[in-house]
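Colleague: In terms of the numbering used here, the sequence shown opens at residue 2 and continues consecutively.
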Amino acid sequence: MNCIFCKIIHGDISAKILKETSHSICFMDAFPLAKGHVLIIPKNHHEKIQDMSSDENIDVFSLVHTMISKIDSITGSTLVAIHNGKDAGQEIPHVHVHLVPRSNSDSAGPIHSMFDSSSSLSEFEIEKYYDHLKF
2 MNCIFCKIIH GDISAKILKE TSHSICFMDA FPLAKGHVLI IPKNHHEKIQ
52 DMSSDENIDV FSLVHTMISK IDSITGSTLV AIHNGKDAGQ EIPHVHVHLV
102 PRSNSDSAGP IHSMFDSSSS LSEFEIEKYY DHLKF
């Protein structure tokens, strides 16, 4: 397999591994956006969260929960980010959760700063997506 994360899991590429569980692994990001930026990934290769089993989901997000206090201790706040698919900005097609220490001075801004604020939905469009998404 040509997946860099799978190569880390199999020991073909070294990484600064912080914690490992039965279904997931946490390690330092090789190209950190901030001091203490880590990634949490499932050990099995899945491109999207919905492709993971319930046990894998529980394990990955339990590890997020475990690690977030450690990350928070760096600056007091942590960005939790997941790009779920290529069009969402996912660069490596293997589920990965970013935990990035954040501070007021990092100039990264809130999630709404990532998008063109001039685009808006009509009431009709909001209702259409509401109907589509509700259970």
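We treat Cβ as the ideally placed atom computed from N, Cα and C, and that holds for glycine.
What are the boundary residues of the alpha helix (DSSP H) that GLU124 is part of?
Modeller: As a first step, residue 124 must be located in the sequence shown, where it is residue number 123. That run of the alpha helix (DSSP H) goes 124 to 134.
Colleague: What number of angstroms, rounded off, separates the C-alpha of LEU19 from the C-alpha of PHE125?
Modeller: Residue numbering aside, residue 19 sits at position 18 when the sequence shown is read from its first letter. Residue numbering aside, residue 125 sits at position 124 when the sequence shown is read from its first letter. The alpha-carbon atoms of LEU19 and PHE125 are separated by roughly 48 Å.
Colleague: Using DSSP with H/G/I as helix, E/B as strand and the rest coil, what is CYS7?
Modeller: Residue mapping note: residue 7 aligns to position 6 of the sequence shown, counting from 1. Note: CYS7 maps to helix in three-state DSSP.
Colleague: Find out if the Cβ-Cβ distance for the pair LEU40, ASP30 is shorter than 7 Å.
Modeller: Reading the sequence shown from its first residue, position 39 is the one you call residue 40. Reading the sequence shown from its first residue, position 29 is the one you call residue 30. For LEU40 and ASP30, yes; Cβs fall inside 7 Å.
Colleague: In angstroms, rounded to a whole number, what distance separates the CA positions of GLY86 and PRO94?
Modeller: Counting from one through the sequence shown, the residue named residue 86 turns up at place 85. Counting from one through the sequence shown, the residue named residue 94 turns up at place 93. Going by the C-alpha atoms only, they are around 7 Å apart.
Colleague: What would DSSP say about PHE62, mapped onto helix, strand or coil?
Modeller: As a first step, residue 62 is located in the sequence shown; it is residue number 61 there, counting from the start. In this structure, PHE62 counts as helix in the three-state DSSP scheme.
Colleague: Evaluate the contact criterion for the segment 63 to 80 versus the segment 9 to 16: three or more CB pairs, one atom per stretch, below 8 Å.
Modeller: With a cut-off of 8 Å, the segment 9 to 16 and the segment 63 to 80 do not count as touching, because too few Cβ pairs lie within range.
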